[in-house]
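Read the structure below first, then the notes.
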Amino acid sequence: MGKVKSHTPKLTKKFYPFVTVCTPTFNRRPFFPVLFQCFLNQTYPKDRMEWVIVDDGTDSIEDLVIKSGIKQIQYFREEKKMTLGQKRNYMHTKAKGAIIVYMDDDDYYPPERVSHAVDTLNENREAMCAGASEIYIYFKHIQQLWQAGPYNPNHATAGTFAFRTELLKHTQYEDHASLAEEKQFLKNYTVPFAQLDPLKTILVFSHEHNTFDKRKLLENPHPQYFRPSIDKTVDSFIRNAKESAIKNFFLKDIDTALLAYEPGLPRMKPDVLQQIKEIAEERKKMSQGECQGQVQFMINEPGKPPRALSNEEIAQHMNGCLEKIRELTEKNKSLERIISNLQEKLAELNQTRVMESKVNELQTQLSELDTKIGKITHETYPSTKSKTIPEVRISI
Numbered sequence: 057m058g059k060v061k062s063h064t065p066k067l068t069k070k071f072y073p074f075v076t077v078c079t080p081t082f083n084r085r086p087f088f089p090v091l092f093q094c095f096l097n098q099t100y101p102k103d104r105m106e107w108v109i110v111d112d113g114t115d116s117i118e119d120l121v122i123k124s125g126i127k128q129i130q131y132f133r134e135e136k137k138m139t140l141g142q143k144r145n146y147m148h149t150k151a152k153g154a155i156i157v158y159m160d161d162d163d164y165y166p167p168e169r170v171s172h173a174v175d176t177l178n179e180n181r182e183a184m185c186a187g188a189s190e191i192y193i194y195f196k197h198i199q200q201l202w203q204a205g206p207y208n209p210n211h212a213t214a215g216t217f218a219f220r221t222e223l224l225k226h227t228q229y230e231d232h233a234s235l236a237e238e239k240q241f242l243k244n245y246t247v248p249f250a251q252l253d254p255l256k257t258i259l260v261f262s263h264e265h266n267t268f269d270k271r272k273l274l275e276n277p278h279p280q281y282f283r284p285s286i287d288k289t290v291d292s293f294i295r296n297a298k299e300s301a302i303k304n305f306f307l308k309d310i311d312t313a314l315l316a317y318e319p320g321l322p323r324m325k326p327d328v329l330q331q332i333k334e335i336a337e338e339r340k341k342m343s344q345g346e347c348q349g350q351v352q353f354m355i356n357e358p359g360k361p362p363r364a365l366s367n368e369e370i371a372q373h374m375n376g377c378l379e380k381i382r383e384l385t386e387k388n389k390s391l392e393r394i395i396s397n398l399q400e401k402l403a404e405l406n407q408t409r410v411m412e413s414k415v416n417e418l419q420t421q422l423s424e425l426d427t428k429i430g431k432i433t434h435e436t437y438p439s440t441k442s443k444t445i446p447e448v449r450i451s452i
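First residue of the sequence shown: 57, per the numbering used here; consecutive thereafter.
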């Protein structure tokens with residue numbers, strides 16, 4: 057007789073949620089050959105991805121899209137200039153994926169960008185969004201890599217976002233936002249969040265066409281949140297030999313390519329420049345207000361008079377508190393797992409006790425039944441000795 061085949065399906069294949077990669081763009085022609093290659097290098101299955109590109113630039117890249125031959129691209133050309141917030145909201149309406157992953161148009165994205173983001177969301181089921189609060193920026197003019205962040209567990213820059221599409225039922229970008237759009241979308245950083253590994257997420261490059269000149273970050277860097285990288289280099293991010301052309305573009309060719317491309321100059325985005333100016337003025341007013349009526353935080357140390365904490369000490373204390381919160385959160389999760397296991401074991405134990413009680417009850421009933429059967433047998437068939445047949449005993 058042949059071996060009977062099981063009808064139970066074997067779950068040998070990993071399930072890959074459908075992903076929409078989203079890219080808003082405006083006059084970034086020199087960067088797209090590199091971005092195309094970043095997409096093609098992704099380790100996530102291409103048949104489980106689409107790539108939505110929304111282009112409202114004065115120099116359409118539709119010809120580059122057609123030439124690339126990337127069938128996953130869904131290209132949307134908009135003649136009217138849109139703010140970044142409007143473009144991101146518009147992209148979302150075109151997305152078919154269960155998960156949306158951002159790939160902005162002038163950054164480097166490692167081959168693990170999509171797969172790492174999806175895995176992180178799958179491993180953190182309570183998180184609605186994932187991103188990197190710690191990112192790295194390469195400054196070509198000084199040939200240095202700098203680390204920005206981390207700031208807090210629920211913070212990240214938009215270029216690193218990956219989120220469940222269902223999050224869009226509860227939030228969206230402000231239509232007027234042209235930059236710094238993350239805070240509103242993350243509801244003041246209260247959306248359940250998971251942090252991504254920076255090495256598997258993004259590498260930012262400072263360049264002449266940055267809408268916000270990142271070189272200004274070097275003028276007065278906060279030592280806690282912006283500092284030269286100690287243990288990472290560009291090679292830590294762009295590791296594969298097949299990506300040498302990408303590395304050469306960012307480290308060698310970028311200045312020449314951008315110098316010859318006038319449509320990408322920041323002055324072509326007056327709405328963004330105006331918002332940068334407004335934000336700078338608002339920060340200046342806040343800074344002046346803080347100087348005029350700054351609240352002091354005092355500390356009492358044994359044997360010493362009370363003293364005011366410096367901003368750096370306050371930041372250190374806050375970071376210490378955040379780290380303690382993270383530790384307690386992990387301990388809480390561990391305790392919840394222990395409690396869950398104990399509850400399961402208690403349920404099994406209760407079930408065992410119920411079964412034991414039923415067995416004892418059945419044994420008692422069987423014992424009583426045996427006694428009744430014995431009485432009935434004795435009454436029906438009393439023991440007698442024959443009077444006609446003598447009893448014979450044989451001794452051996």
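We treat Cβ as the ideally placed atom computed from N, Cα and C, and that holds for glycine.
Item                                                                                                      : Value
V77, enclosing beta strand (DSSP E) - first and last residue                                              : 75-81
Pair within 9 angstroms by beta-carbon distance, L177 and A188                                            : no
Distance, E190 Cα to T216 Cα                                                                              : 10 angstroms
9 angstroms Cβ cutoff met for M138 and V121                                                               : no
Every unbroken beta strand (DSSP E) inside the segment 101-138 [3 residues or more]                       : 105-111, 129-133
Check whether R144 and A214 have beta carbons under 9 angstroms apart                                     : yes
The segment 225-243 / the segment 149-159 touching (three or more Cβ pairs under 8 angstroms)             : no
CA nearest to the CA of S285, picked from E118, L259, Q421, Q399                                          : L259
Sheet register partners of Q47 (DSSP bridge)                                                              : Residue 47 is absent from the model: the chain starts at 57 and stops at 452.
Cutoff 6 angstroms; reference V247; Cβ partners in own chain excluding five residues on either side       : M184, C185
G125 vs N83 beta-carbon contact at 9 angstroms                                                            : no
Span of the beta strand (DSSP E) around R323                                                              : Element bounds for R323: n/a, residue is neither H nor E.
Endpoints, the beta strand (DSSP E) within which L201 is located                                          : 200-204
DSSP bridge partner residues for L177 (one or two, in chain order)                                        : Beta-bridge pairing links L177 to no other residue.
Buried/exposed call for D253, threshold 16 Cβ in 10 Å                                                     : exposed
The segment 75-91 touching the segment 314-326, judged by at least three CB pairs closer than 8 angstroms : yes
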